[in-house]
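As numbered in full-length UniProt numbering, the sequence shown has no gaps in its residue numbers, which increase by one up to the final residue, 364.
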Amino acid sequence: NDRRLWFCNKGFLILVGKNESEECLCPENYYGHLCQYQNQRVSLTIRLYQENLIKLNIISIIIRLIDQNAFVHSFEQLTHIPRIDCNTKYNLHLLFHHRPKNLTTNYSIYIDIYDKFHLNYLTSWIHPVKLLFLPVNRLSVQLRIPTKSNCHLICSHKYFQSLIQQSMKSCRCVNRLTIKNQCNCSPQSICVGFKGNRSICLCSLNKTGSRCYLKSICQLKNPCMNGGICIPYDSRHSPTNFTCLCPNGYFGEICDQVDVKIDISFLNIEIPSSALIHFIRIAQVHLYKSNIEPIQTTMFQKIRFNEYFLSLNMSQPFHLLFVQLQNDNYLSVLQHEYKPSMVISTEISSSEHCPFIGELINDN
1 NDRRLWFCNK GFLILVGKNE SEECLCPENY YGHLCQYQNQ RVSLTIRLYQ ENLIKLNIIS
61 IIIRLIDQNA FVHSFEQLTH IPRIDCNTKY NLHLLFHHRP KNLTTNYSIY IDIYDKFHLN
121 YLTSWIHPVK LLFLPVNRLS VQLRIPTKSN CHLICSHKYF QSLIQQSMKS CRCVNRLTIK
181 NQCNCSPQSI CVGFKGNRSI CLCSLNKTGS RCYLKSICQL KNPCMNGGIC IPYDSRHSPT
241 NFTCLCPNGY FGEICDQVDV KIDISFLNIE IPSSALIHFI RIAQVHLYKS NIEPIQTTMF
301 QKIRFNEYFL SLNMSQPFHL LFVQLQNDNY LSVLQHEYKP SMVISTEISS SEHCPFIGEL
361 INDN
């Protein structure tokens with residue numbers, strides 16, 4: 001009935017026992033027997049980008065809410081795949097351990113980035129939590145993922161204190177002896193810190209669980225074909241779901257489909273050292289949507305010295321392909337219907353050149 005729809009406010013109503021007594025399951029940012037109170041928390045939105053896109057790249061993100069005494073109030077772990085999740089925004093809630101929070105204490109958000117494929121540390125960011133009198137502190141950050149670690153700082157108490165008052169990029173400082181003696185993570189993992197007496201463990205792709213001792217779905221049954229890398233989803237959500245990161249030339253849920261292969265040759269035109277390949281997909285016209293914009297994907301390709309052709313693979317559907325050589329654009333492929341898993345051979349010459357509108361007007 002209508003009363004039960006709103007009985008738990010932001011939570012879910014469950015019926016317990018033979019008497020079907022009403023109880024509420026609350027989300028993490030609400031509490032109370034009717035989920036009627038908001039938890040004091042930091043609402044964090046993260047967006048990541050990587051300038052040098054490496055196809056077989058998997059990023060692990062550790063986010064911690066830490067006070068000035070190095071006490072971890074809450075933490076989250078994320079797995080980010082730049083090739084798949086390049087436009088993804090992650091919305092997280094980090095709760096304060098004490099209710100209410102101590103307004104005289106300084107709090108900061110620590111974000112550590114790791115290469116999950118090799119379990120190598122990359123970099124860190126620290127963002128202070130300001131305006132502590134607010135019940136909910138909101139923070140939005142956009143972070144650039146480095147291709148390798150460039151931290152050469154010597155960790156010290158003075159260095160740690162210099163980070164507290166401002167948002168900045170930093171290096172991760174840990175007491176390796178303490179972690180070695182107290183950590184209870186599995187050998188095939190990294191201990192990145194502690195919350196109370198509990199280790200915060202970063203698992204490899206083949207392990208899961210809070211201490212990384214359980215076999216993940218990727219180790220029990222690797223479903224990815226043609227050399228694809230199996231990446232397990234967050235085991236808190238589903239221990240059996242996964243995604244496949246496919247190598248060049250393949251795509252699909254389990255890397256079972258072949259990319260479109262495109263061979264482009266150049267004829268009697270000046271060839272620079274690199275080219276931009278623009279793929280454009282024309283969206284289908286919908287009866288109720290009149291302003292559907294085309295989807296463009298751009299790929300950077302180097303051209304080797306004394307070579308007159310390019311070979312590349314494309315897994316996304318497209319209808320138009322333009323090759324940009326410096327400031328000149330050439331129409332290379334035009335197809336009304338996209339056909340997957342095919343080989344396209346095309347040639348670029350001056351007849352495929354697309355002049356600017358200003359040039360056409362001046363010629364007329």
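Beta carbons are placed, not taken as given, at the ideal position from N, Cα and C, and that holds for glycine.
What does the alpha-carbon distance come out to for the pair residue i and residue j?
i	j	result
residue 330	residue 147	32 Å
residue 249	residue 310	15 Å
residue 12	residue 33	11 Å
residue 360	residue 322	19 Å
residue 256	residue 293	30 Å
residue 304	residue 207	41 Å
residue 333	residue 113	40 Å
residue 17	residue 23	10 Å
residue 186	residue 194	15 Å
residue 157	residue 196	Model confidence at residue 157 stands at a pLDDT of 47, short of 50, so the residue's coordinates are unreliable and nothing is read from them.
residue 342	residue 201	44 Å
residue 159	residue 111	Here the model assigns residue 159 a pLDDT of 45, short of 50, so the residue's position is not dependable, and the following value carries that caveat. Those two C-alpha atoms are separated by around 17 Å.
residue 365	residue 300	The question about residue 365 has no answer, for the chain in this structure spans 1 to 364.
residue 320	residue 46	33 Å
residue 58	residue 102	37 Å
residue 366	residue 242	Lying outside 1 to 364, the shown extent of the chain, residue 366 is not represented and no answer is given.
residue 20	residue 140	43 Å
residue 177	residue 191	Residue confidence for residue 177 is low, a pLDDT of 42 falling below 50, so the modelled location carries little weight and cannot support an answer.
residue 355	residue 328	8 Å
residue 199	residue 143	26 Å
residue 86	residue 60	14 Å
residue 338	residue 317	6 Å
residue 123	residue 14	43 Å
residue 279	residue 29	42 Å
residue 4	residue 27	17 Å
What are the partner residues of residue i, as DSSP defines its beta bridges?
i	result
residue 302	274
residue 142	47
residue 78	61
residue 110	64 and 126
residue 208	214
residue 11	Paired residue(s): none; residue 11 is not in a bridge.
Could you check how far apart the C-beta atoms of residue i and residue j are, in whole angstroms? I think they sit under 8 Å.
i	j	result
residue 63	residue 94	7 Å
residue 205	residue 216	7 Å
residue 263	residue 315	Their Cβ separation, rounded to whole angstroms, is 16 Å, which puts residue 263 and residue 315 out of contact at 8 Å.
residue 42	residue 65	6 Å
residue 266	residue 357	Not really, about 25 Å apart at Cβ, beyond 8 Å.
residue 277	residue 298	7 Å
residue 312	residue 272	Contact flag wrong, Cβ pair sits at about 16 Å.
residue 254	residue 228	7 Å
Any heavy atom of the ligand ATP within a distance shorter than 6 Å of the CB on residue i?
i	result
residue 82	Of ligands this structure carries none, so the ligand ATP is not represented either.
**Message:** So within the UniProt domain "EGF-like" (214 to 256), which uninterrupted beta strand (DSSP E) runs reach at least 3 residues, ignoring any that extend past its ends?
**Reply:** 229 to 232 and 242 to 245
**Message:** Below 8 Å, how does it come out for the region 102 to 117 and the region 128 to 148: are there three or more Cβ pairs, yes or no?
**Reply:** yes
**Asked** Is the region 207 to 227 touching the region 68 to 84, taking contact as three or more C-beta pairs under 8 Å?
**Response** no
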